[in-house]
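For the sequence shown, the numbering used here assigns the number 14 to the initial residue and increments by one for each residue that follows.
Ideal placement from N, C-alpha and C gives every residue a C-beta, glycine not left out.
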Amino acid sequence: MSWSAKQYVAFEDERTRPARDLLAAIPPVDARVAIDIGCGPGNSTQLLVERFANATVRGLDSSADMIEAARQRLPQVRFDTADIDTWNEPGPFDVIFANAVLQWLPDHATLLPALAARLTQGGSLAIQMPDNLNEPSHRLMREVAADGPWVSKLADAAGQRTEMASASDYYSMLRPHCTRVDVWRTTYHHPLAGGASGVVEWFKGSGLRPFLDPLDEAEKAQYLKQYQTAIERAYPTLADGSVLLPFPRLFIVATR
14 MSWSAKQYVA FEDERTRPAR DLLAAIPPVD ARVAIDIGCG PGNSTQLLVE
64 RFANATVRGL DSSADMIEAA RQRLPQVRFD TADIDTWNEP GPFDVIFANA
114 VLQWLPDHAT LLPALAARLT QGGSLAIQMP DNLNEPSHRL MREVAADGPW
164 VSKLADAAGQ RTEMASASDY YSMLRPHCTR VDVWRTTYHH PLAGGASGVV
214 EWFKGSGLRP FLDPLDEAEK AQYLKQYQTA IERAYPTLAD GSVLLPFPRL
264 FIVATR
């Protein structure tokens with residue numbers, strides 16, 4: 014699946030706010046080594062650099078385009094291109110930060126304890142994942158995918174996101190490995206300019222990627238046209254021309 018740093022950072026302030034909230038919930042720690050897994054264009058890594066000024070901070074991402082943007086943003090930080098599911102550095106790390114990335118990876122019951130095992134004593138695994146697969150924005154992606162000449166091409170698109178477990182399930186996954194597990198859910202309401210087109214532009218940088226990548230240019234244009242028409246009905250334009258996009262996210266801070 015391809016990623017565009019330029020498209021992603023078009024809504025940088027809105028995308029960075031959950032990372033700030035996640036970082037603020039990490040207990041005080043004299044961090045020496047912190048790593049941002051799924052660092053994207055480096056916006057979340059910059060927060061780690063600012064919070065842990067005395068630490069060695071690193072970032073990794075599977076997208077070369079994201080890594081290039083991150084290196085330009087923070088030339089003093091080491092960024093590596095790597096897949097999280099095959100990343101095998103033992104650590105230990107004082108902070109492992111995973112902002113809006115683990116929803117793309119399967120088998121959380123195995124993955125999350127494995128990440129927690131790489132923490133120092135007193136270190137924290139901080140996770141934020143969009144919890145919006147049942148929101149109209151994502152339901153409509155699947156409905157449009159199932160209603161057009163692209164049906165066979167998009168048969169596997171919806172399966173690229175992992176179904177979220179419950180808060181209690183995530184707590185149970187991590188509690189045997191950590192002294193403290195904090196789990197919460199927040200729904201942000203993002204005002205997006207441009208009405209329905211603003212919603213489409215937002216998700217072109219994230220949730221729509223699996224649905225757009227398999228299509229040729231003509232099919233992409235038609236898919237987006239049908240999707241935007243559906244979005245216009247689901248998210249009414251407000252008096253000032255904007256749309257208020259509800260965006261639920263699940264947060265976890267597990268401290269070893």
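query: Local conformation of Phe260 per DSSP, three classes; result: strand
query: Close beta carbons around Gly194, own chain, < 6 Å, minus the five adjacent residues each side; result: Note that residue 194 is Val in the sequence shown here, rather than Gly. Contacts found: Tyr184, Leu187, Arg188, Ala267.
query: Residue burial classification, Gln141 (beta-carbon count within 10 angstroms, cutoff 16); result: buried
query: Contact set for Cys191: own chain, Cβ-Cβ below 7 Å, skip 5 residues either direction; result: Ala129, Ala267, Thr268, Arg269
query: DSSP-derived helix/strand/coil call for Trp197; result: strand
query: Touch test, the stretch 159-167 against the stretch 235-254, Cβ-Cβ under 8 Å, three pairs minimum; result: yes
query: Beta-carbon contacts of Arg30 that lie in its chain and below 8 Å, excluding the five residues immediately before and after; result: Tyr201
query: Contact the stretch 90-105 vs the stretch 116-132: 3+ CB pairs below 8 Å; result: yes
query: Reduced DSSP secondary structure (H/G/I, E/B, other) of Arg64; result: helix
query: DSSP-derived helix/strand/coil call for Val46; result: strand
query: Residues of its chain near Leu153, where Cβ-Cβ distance is below 7 Å and the 5 sequence neighbours each way are ignored; result: Tyr240, Ala243, Ile244, Ala247
query: Terminal residues of the alpha helix (DSSP H) in which Gln235 lies; result: 230-247
query: Residues bridged to Met177 (per DSSP); result: DSSP output for Met177 lists no bridge partner at all.
query: Whole-angstrom distance between Gln134 and Ala252, CA atom to CA atom; result: 52 Å
query: Helix, strand or coil at Thr123 according to DSSP, with G and I counted as helix; result: helix
query: Assigned exposure category for Asp93 - 16 Cβ within 10 Å defines buried; result: exposed
query: Cutoff 6 Å; reference Ser57; Cβ partners in own chain excluding five residues on either side; result: Ala32, Asp49, Asn112
query: Distance, Ser137 Cα to Glu230 Cα; result: 43 Å
query: Residue nearest to Thr175 in terms of C-alpha spacing, selected from Leu118, Arg155, Pro149, Lys166; result: Leu118
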